[in-house]
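Position in the sequence shown counted from 1, then plus 3, gives you the working numbering. In this text, a Cβ means the ideal position worked out from N, Cα and C, and glycines have one as well. Because the structure is a prediction, the values reported are computed rather than measured.
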Amino acid sequence: MDIYRHKCGQRVVVASRWNGLVYVTVFLDLASGKELTHCPTCGESVIAWLYLPEGGEALRLRPDVLIEEGE
């Protein structure tokens with residue numbers, strides 16, 4: 004579990020969760036623990052879809068939007 008800061012100042016947790024088959028990357032609000040797809044403060048998307056060659060897909064961190072805490 005890593006803590007990132009959105010460019011608007013909102014803190015976001017990046018974690019992994021087991022869905023029964025694979026670990027899935029999830030983005031959580033630090034205060035509520037609720038899963039996020041968009042920043043709760045400004046509404047901008049915090050994820051990007053990565054489409055895999057086998058027809059699957061995975062969530063990826065948008066590096067232009069979230070900065071690792073402490074940087």
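Buried/exposed call for residue i, threshold 16 Cβ in 10 Å
i	result
Y26	exposed
C11	exposed
L39	buried
Residue closest to residue i, alpha-carbon to alpha-carbon, out of the options
i	options	result
G46	M4, V15, D5	V15
R8	K37, E38, T40, L33	L33
Rounded straight-line distance, which links the Cα of residue j to that of residue i
i	j	result
S48	M4	20 Å
N22	K37	16 Å
A18	C42	16 Å
R20	L31	11 Å
T28	Q13	19 Å
I6	L24	25 Å
Any C-beta of chain C under 7 Å from that of residue i
i	result
S35	The structure shown contains no chain C; it is built from a single protein chain.
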